Amino acid sequence: MAPGNINDIVAFVAAAEAGSFVGAARARSMTRSGIAKSVARLEDRLGVRLFHRTTRSLGLTDDGGVFLDRCTQILADLDEAESSMSDGGGQPQGLFRMTAPMTFGRLMVLPLLNDFLASWPRLKADVSFTDRVSDIIEDGIDLAIRIGETRENTSLIARTLTYQHDLVVASPAYLSANPAPRHPDDLMGHHCLNYVSAGRKRAWRFAIEGRTVAVRRRSRLSLDSGEALRDAAVAGAGLAFLPSYVVDRDLADGRLIALLSDYAAPPVPISAIYPSRRHLAPKVRRFIDLLAQNI
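In the working numbering, the protein residues as written are -17 to 277.
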């Protein structure tokens, strides 16, 4: 990439972050006209408009927003590459972009991420906790956490971190009014609380006669949050099918009781997915190691 191209990208990012050419010029110790000319050159090369311009404001177009995400990552990678050469390398720094499933991310990843950021002050993080499966390459993501068997393309690497154990749970209050199920088929006689993601209900799978089987059940309430399902189960609304990391404390304190343990399906892998790079950035390598050691 030519030096002029990099300078134009730096000017574009500065204008987007400042919300004006004047603010960008002040931040980069340039003139307003210099920033404007750099952005105009960039738009000419790309053949798209990056900003909506008015006399009072400067706003990104849809194309500008997409391009900003990529440029921010590119500049962060360049800063990291330069720093790794100048100070011996090995220290996490720059922008770290990660995605993880919502409940697992909030309960298991976020506490570790907070410690990680505290340990490495030159590191910034852009994190999405969502059950939507992102395109790691297209979205410029450094690390994605996936639950279940992965079907990623060959340009990605998968490392199993741990395994998720799913449990059927209910509150003592619910079980005092309803007989505990003794077989997965008994679920049809109970109020079951379903987890829904992208409009699809999560299957309840059990090991029955040597096979893993998805069992039908009656649904009284569907929610798109594992923590909300846990709260509903504790309140006695019905049976829930949840990962152990969501309900372990409630089981220990007696707020929930595990059921159908004899029919537990095999645990599913929780994996770290990242782009295949010959030299993995320290920020990614160290955080993967931290996850593997602590979850």
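Ideal placement from N, C-alpha and C gives every residue a C-beta, glycine not left out. All values reported here derive from a predicted model rather than from experimental measurement.
Per DSSP, the continuous beta strand (DSSP E) segment holding D148 begins and ends at 148 to 152. In the DSSP assignment, P257 falls within the beta strand (DSSP E) that extends over 250 to 257. The beta-bridge partner set that DSSP reports for K183 consists of V178. Here the alpha carbons of V250 and A240 stand approximately 18 Å from one another. Counting C-beta atoms within 10 angstroms of its own C-beta, R38 has fewer than 16 neighbours from the protein chains shown and is therefore classed as exposed. Between V48 and M80 a beta carbon distance of about 19 Å is seen, past the 8 Å cut, so the two are scored as non-contacting.
Per DSSP, reduced to three states, the secondary structure at I239 is strand. Note on the segment 154 to 233: whole beta strand (DSSP E) runs with a minimum of 3 residues are 174 to 179, 187 to 190, 193 to 196, 201 to 205, 221 to 225, in chain order. Using a Cβ distance threshold of 9 Å, L273 and A215 do not count as a contacting pair.
Membership of A18 in the alpha helix (DSSP H) is indicated by the continuous run 14 to 28. If you look at V109, you'll find it isn't in any alpha helix (DSSP H); it sits in the beta strand (DSSP E) that goes 105 to 111. Per DSSP, the continuous alpha helix (DSSP H) segment holding A7 begins and ends at 3 to 10. Excluding five sequence positions before and after N276, the CB atoms of its chain that fall closer than 7 Å to its own CB belong to L94, given in chain order. A buried status is given to R128, since no fewer than 16 other beta-carbon atoms sit within 10 Å of its beta-carbon. A direct Cα-to-Cα measurement between D51 and L57 gives close to 10 Å. By the 16-neighbour rule on beta-carbons within 10 angstroms, M90 is buried. Here the segment 224 to 234 makes no contact with the segment 99 to 116; the two share fewer than three CB pairs at distances below 8 Å. Close CB contacts of P74 within its chain, under the 6 Å cut and outside five residues either way in sequence, are with W102, L105, P264, K265, R268 (chain order). In the displayed model, L138 falls within a strand according to three-state DSSP. V197 and I123 have their C-alpha atoms spaced approximately 36 Å apart. Taking 9 Å as the cut-off, the beta carbon of V21 is found no closer than this to the beta carbon of R10.
In the DSSP assignment, the residues bridged to L42 are F33.
In this structure, DSSP gives G87 a helical state, which the three-state scheme calls helix.
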